[in-house]
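One structure is given here, and the rest of the page talks about it.
In my numbering, the protein residues as written are 1 to 74.
Now the structure itself:
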């Protein structure tokens, strides 16, 4: 999972950074730092996201495919 994927998950659920952070038990500034690439996504953060939002591999795969498709467009 990368910063773009994390942001896509947040947007998919229609949440602000503040709302997303609250559901994960984090600060808004921490989420902002992750989304801008200033902070890495740890394994524990991935687990928190998966549990809080019931994320499975299919959603992550869909986001990845969309990112790849965007890169193919000139």
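All C-beta atoms in this analysis are idealised placements derived from N, C-alpha and C, irrespective of residue type, glycine included.
With distances taken Cα to Cα, identify the nearest neighbour of residue i among the options.
i, options, result
"residue 48", "65, 20, 70", "20"
What separation, rounded to the nearest whole angstrom, lies between the Cα atoms of residue i and residue j?
i, j, result
"residue 59", "residue 69", "15 Å"
"residue 5", "residue 61", "10 Å"
"residue 42", "residue 24", "13 Å"
"residue 66", "residue 7", "13 Å"
The alpha helix (DSSP H) that contains residue i, what's its start and end?
i, result
"residue 28", "28–35"
"residue 53", "43–53"
"residue 13", "From DSSP, residue 13 is part of no alpha helix (DSSP H); its letter is neither H nor E."
Apart from the five residues on each side of it in sequence, which residues of its chain come closer than 8 Å, Cβ to Cβ, to residue i?
i, result
"residue 3", "34, 35, 36, 37, 41"
"residue 17", "10, 28, 31, 32, 35"
In chain order, what residues of the same chain lie with their CB nearer than 7 Å to the CB of residue i, ignoring the 5 residues before and after it?
i, result
"residue 13", "53"
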